[in-house]
Amino acid sequence: MSETNIDQFNEVTGEVFAHLYENFPIPVLLRPAMFGIMEHFEGEYDSWNGVTTGATPISKDEVIFGHTVQWLIDSGYLTSGKLPDGYRPEVRTFFDRSRLTAKGLEVLNAVPENLTQRDPIGQRLAQATKSGGKEILRSITTEALALGVQIAARTAGFPS
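If you read the sequence shown in full-length UniProt numbering, its first letter stands for residue 1, the second for the next number, and so on.
Set out below in structure tokens:
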């Protein structure tokens, strides 16, 4: 992954958007390994001794992934299944039953007017993830999030 948090955020956001767009309307599991991020091992609990052994620490890439997906949920771009009652991990990294919201789908189905290419943003993100062009992926992601802000402002009654 990239060096800066914002670069990592944009890459994860673009890859998550592309994955959800290609699978819409079917809910899917989102987890770090699906996007090339090594997952930590939580270890095994020994009920006899009351300790967990074999755990590996969570990586920065995993932390960025978890907080990025949670931000996308909190910002209304996607939904995900609820955690079991009482389970509150420090950083959530598995998001089951994830799907684009109406806002997320509207952003990814949009075709910006200033482009000569007339493909929806979601389709362009999917193509960028397959081609491996991280700069293009980041650029399209930034465009998608900016469009999301415009849509939210318009919905709130602000002029565009």
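C-beta: ideal position from N, C-alpha, C; glycine also.
So the candidates are the options; which of them puts its Cα closest to the Cα of residue i?
i	options	result
PRO84	PHE95, GLY76, TYR77, LEU78	PHE95
GLN8	PRO27, PRO32, LEU20, ASN23	PRO32
TRP71	PRO25, LEU125, ILE6	ILE6
THR4	ARG138, PHE24, GLY148	ARG138
GLY148	ASP119, PHE24, THR93, THR101	THR101
GLY76	ARG118, PHE17, ILE140	PHE17
THR68	THR129, VAL12, ASN49	VAL12
PHE24	GLY14, ILE73, LYS130, LEU78	LEU78
Using a 10 Å radius around the Cβ and a threshold of 16 neighbouring Cβ atoms, would you call residue i buried or exposed?
i	result
ASN10	buried
LEU29	exposed
ARG97	exposed
ALA146	exposed
THR141	buried
VAL91	exposed
SER47	exposed
GLY66	buried
GLY122	buried
ILE26	exposed
ARG154	exposed
So residue i packs on residue j, CB below 8 angstroms; how close in whole Å?
i	j	result
GLU15	THR93	Rounded, the Cβ-Cβ distance is 14 angstroms, inconsistent with contact.
ARG124	LEU20	Their Cβ separation, rounded to whole angstroms, is 14 angstroms, which puts ARG124 and LEU20 out of contact at 8 angstroms.
Does the count of Cβ pairs from the region 62-80 and the region 29-37 closer than 8 angstroms reach three?
-> yes
Counting pairs of beta carbons, one from the region 96-108 and one from the region 127-142, are three or more of them closer than 8 angstroms?
-> no
Taking the runs of the beta strand (DSSP E) that are 3 residues or longer, which of them lie wholly in the region 5-50?
-> 28-30, 44-46
What are the start and end residues of each continuous beta strand (DSSP E) run of 3 or more residues lying completely inside the region 71-130, in chain order?
-> 95-100
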